[in-house]
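These protein sequence lines map, in sequence, to chains A and B. In terms of the working numbering, the first sequence has 66 at position 79, counting the first letter as 1, and numbering is strictly consecutive. In terms of the working numbering, the second sequence has 217 at position 229, counting the first letter as 1, and numbering is strictly consecutive. Reviewing the structure listed below.
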Amino acid sequence: MKLLQGMALSLTLGGRKILDRVDISLQSGEMLGLIGPNGAGKSSLLRLIAGLRAANAGSLQLGDGPFPTIPPAQRARRIAWLAQQGEVHWPLSVETLIELGRVPHLAPWEQPAEKDREAIERVIEETDLQALRYRPFNSLSGGEQARVLLARALATEPEILLADEPVAALDLAHQLDVMSLLSRYCSEGRGVIVVLHDLSLAAHFCHRLQLLHYGKTLAVGSAESVLSPEHLLTAYRVRPMKTATGDPFAIAWQRIGGSDSTR
Amino acid sequence: MNNRGIGQSRLLGLLAAGLCLLLLLSILVGSQAIPLYQALSESLSDTRGVYAFILTEVRLPRTLIALFAGATLGLCGAVMQSLLRNPLASPGLIGSASGAVLGAVIALYFGFVGLWPGALPLSGIIGSLGATLLAYLLAGRNGGTLTLILAGVAINAFALALVSLLLNLAPSPYAVQEIALWMLGSLANTSLGDLWIMLPGTLLGWLLLLRLGQSLDLLTLGEETSQTMGVDLRRLRWRVFLALALAVGSAVSVTGSIGFIGLVVPHLLRPLVGYRPSRLLAASALGGAILLLAADIAVRLLSTQTEIKVGVLTSLIGAPFFLYLIVQSRRLPT
């Protein structure tokens, strides 16, 4: 089942072509990794799918309906977007912030019901935030804050989770934790699109990679095919070096302790 | 550390109880003590004496106008701070208050007030709508928060410059005094007629602000994230602008400018509601009414030769408190 299908998406901002006829698709249960150098259009593509910008050309299908015909309120339940730089303006408690993730499911006056409470509890447990649930957001460390914002997005229980560099500010262990959380989220009927700069994490956790370069898709498919030396040279101007294992994208450490482990 | 705040219903209950007490006090306190029972029975019978007159023509309008104006200032302060995600925003930021002052001063200057007393608040409301519309057209539709704040500052400065110009050109010292005293902000000498003029805009404004709680909560996560969660930012903005133009404009047009209530009340109550914008709204409305009623009662109790204007008192207390907030926020990790 296809969750999302974008065809020939183009986006021009201030006369500059940000995206140029990019195709993108997401299958149920799939984690798609968007990679590419800075300014390649990864975040813009994600924003397009999040509904923050409209494409200048191309078509976008969500499930079996054209994207523009789906009302924003319904989109808010089906797609969650995790910003690159999350902001929280008041020192809300962790629990309250996660609860905000349920608002798209509520009517304007409605308070969270039983099923909302269950979803919130489930997410708090999955993200291992029990000990922090009453703490104000601004008292948390950077890694904890990132986990809370991810929990907020997970609490919406969207079909499609869009995560823009969710591991950028995290230490090694927390990077692995967040990636395995995302990959566990990709169950039947759900999918994740994640923007990554770390190619090892991308190769390791994503089912499929899409390499963007100057607003175009340079390669899409399995990690082996996308991360070829030729593609890396074109996109990043780098050449993989010989490593002891022979696999330049091996992750050289394993998560110990906590509830998470790598795939 | 935990910041769940105290229970929402308990907080609102306490505030409502305090408000009722102050409403009663506001009816009873004044230069002339009135026996409530006698005044009430007089009011209901055909032979209306002096007590009935004081109750229905003096104390009741003054009390009710304090209630509505105070609640408006508290509520709109909370909305503005939540919309801009800035604890130093005030309800007058987008021009509603200074526009109302300008409108009212125009009515005083050109003597419309002499023709019909209602001209003053009405002209104030028109001024408020005009200034707010200007702010909206300049920065409210697509502009960022900073653009909005800057546009507001410019419009406020311009409106007050026009007020100064009118004061400057005023034909007589008497006219200058009339305008200046009105601007200080007072609930004295208000009538039931003022209340009727103020009420429609106030209630319409409040109505527009209903149901905004969730959107303001989501805005905590930033404008873009809130949009992906279903917030229609444009709709939210024009609703808030229109609501503040109507409600704040109506209040200021009747009372003159009463500073710091809209700034201070949301600030004081925010920790008690766990910093959650949606929970701050009702609490701030009650808190604003409480603070304005209390200040107005205090003004009546302070026995000075000339009654101190309530706007002067709120600023006298509010400004040092504002400084205290700034010092505090410098200490807090943000």
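Note that CB positions come from ideal geometry on N, CA and C, so glycine has one too.
Using the Cα positions of residue i and residue j, report the straight-line distance between them to the nearest angstrom.
i: Q71 (chain A); j: D185 (chain A); result: 15 Å
i: Q241 (chain A); j: T230 (chain A); result: 18 Å
i: S160 (chain B); j: V300 (chain B); result: 24 Å
i: R226 (chain A); j: A155 (chain A); result: 22 Å
i: A235 (chain B); j: L2 (chain B); result: 25 Å
i: G(-7) (chain A); j: E152 (chain A); result: 21 Å
i: D115 (chain A); j: L209 (chain B); result: 21 Å
i: I22 (chain B); j: L32 (chain B); result: 16 Å
i: L188 (chain A); j: S215 (chain A); result: 16 Å
i: M(-11) (chain B); j: E112 (chain A); result: Low confidence applies here, because M(-11) (chain B) scores a pLDDT of 40, under 50, leaving its location unreliable; read the following figure in that light. Spanning the two alpha carbons is a distance of roughly 20 Å.
i: D164 (chain A); j: A27 (chain A); result: 27 Å
i: M18 (chain A); j: A239 (chain B); result: 55 Å
i: L175 (chain B); j: H76 (chain A); result: 36 Å
i: L224 (chain B); j: S317 (chain B); result: 28 Å
i: N25 (chain A); j: I5 (chain A); result: 12 Å
i: G(-5) (chain B); j: L200 (chain B); result: 21 Å
i: L79 (chain A); j: S266 (chain B); result: 12 Å
i: V261 (chain B); j: A107 (chain B); result: 40 Å
i: M171 (chain B); j: L155 (chain B); result: 11 Å
i: E211 (chain A); j: E217 (chain A); result: 12 Å
i: G58 (chain B); j: A273 (chain B); result: 7 Å
i: F236 (chain A); j: L219 (chain A); result: 12 Å
i: T190 (chain B); j: G140 (chain B); result: 21 Å
i: L311 (chain B); j: N43 (chain A); result: 49 Å
State the beta-bridge partners of residue i as determined by DSSP.
i: I11 (chain A); result: A:G(-7)
i: R3 (chain A); result: A:L0
i: R195 (chain A); result: A:L19
i: S80 (chain A); result: A:P123
i: D151 (chain A); result: A:V182
i: S46 (chain A); result: A:M(-6)
i: P53 (chain A); result: A:Q48
i: L69 (chain A); result: A:A150
i: H200 (chain A); result: A:K203
Quick one: what's got a C-beta closer than 8 Å to residue i's C-beta in the same chain, skipping five residues either side?
i: R89 (chain A); result: P99, D103, A106, I107, A142 and T143
i: R250 (chain A); result: With a pLDDT of 33 at R250 (chain A), under the threshold of 50, the modelled position of that residue is not reliable, and the figure given next carries that caveat. Here the set comprises S167, S170, H191 and F192.
i: I137 (chain B); result: L72, N74, A77 and L81
i: A158 (chain B); result: Y97, V164 and I167
i: D158 (chain A); result: G130
i: Q215 (chain B); result: L221
Considering only the alpha carbon of each residue, which of the options lies closest to residue i?
i: I36 (chain A); options: A:P24, A:N25, A:L13 and A:A27; result: A:L13
i: S152 (chain B); options: B:G91, B:E45, B:G(-5) and B:G6; result: B:G91
i: T83 (chain A); options: A:R139, A:V154 and A:V182; result: A:R139
i: D205 (chain B); options: B:Y97, B:R264 and B:L117; result: B:R264
i: I305 (chain B); options: B:L251, B:A57 and B:R288; result: B:L251
i: E146 (chain A); options: A:A42, A:R62, A:L(-2) and A:R8; result: A:R62
i: L183 (chain A); options: A:L149, A:Y201, A:G202 and A:S174; result: A:L149
i: Q132 (chain A); options: A:D51, A:G20 and A:L69; result: A:L69
i: Q69 (chain B); options: B:D284, B:V298, B:L232 and B:P188; result: B:L232
i: A286 (chain B); options: B:S14, B:R267 and B:L7; result: B:S14
i: G193 (chain B); options: B:V228, B:S111 and B:G65; result: B:V228
i: I85 (chain A); options: A:G176, A:T221, A:R122 and A:S212; result: A:R122
i: P188 (chain B); options: B:Y162, B:N156 and B:S241; result: B:S241
i: L257 (chain B); options: B:L7, B:G83 and B:G62; result: B:G62
i: L(-10) (chain A); options: A:R134, A:G16, A:L(-4) and A:D7; result: A:G16
i: G176 (chain A); options: A:N43, A:G50, A:H161 and A:D10; result: A:G50
Using a Cβ-Cβ cut-off of 7 Å (strictly less than) and excluding sequence neighbours within five positions of residue i, which residues of its own chain qualify?
i: R36 (chain B); result: E30
i: S30 (chain A); result: Q71, D151 and V182
i: D10 (chain A); result: G(-7), M(-6), A(-5) and T204
Check residue i in the structure and name its three-state DSSP category.
i: I180 (chain A); result: strand
i: H255 (chain B); result: helix
i: C8 (chain B); result: helix
i: A206 (chain A); result: strand
i: W104 (chain B); result: coil
i: L61 (chain B); result: helix
i: T249 (chain A); result: Because T249 (chain A) carries a pLDDT of 36, less than 50, the predicted location of this residue cannot be relied on, and the following value inherits that uncertainty. Looking at T249 (chain A) - three-state DSSP - the assignment turns out to be coil, as it is neither helix nor strand.
i: Q165 (chain B); result: helix
i: N156 (chain B); result: helix
i: E74 (chain A); result: coil
i: F324 (chain B); result: Outside the displayed range of chain B (-11 to 322) lies residue 324 (chain B), so it cannot be described from this structure.
i: R223 (chain B); result: helix
i: L2 (chain B); result: helix
CB-CB under 6 Å to residue i, same chain, minus the five flanking residues each way: which ones, in chain order?
i: A307 (chain B); result: none
i: V207 (chain A); result: Q197
i: D247 (chain A); result: Residue confidence is low: D247 (chain A) scores 44 on pLDDT, short of 50, so the model does not pin down where it sits. Its coordinate-derived value is still stated next. Result list for D247 (chain A): D164 and S167, in chain order.
i: A54 (chain B); result: L175, L280, L281 and D284
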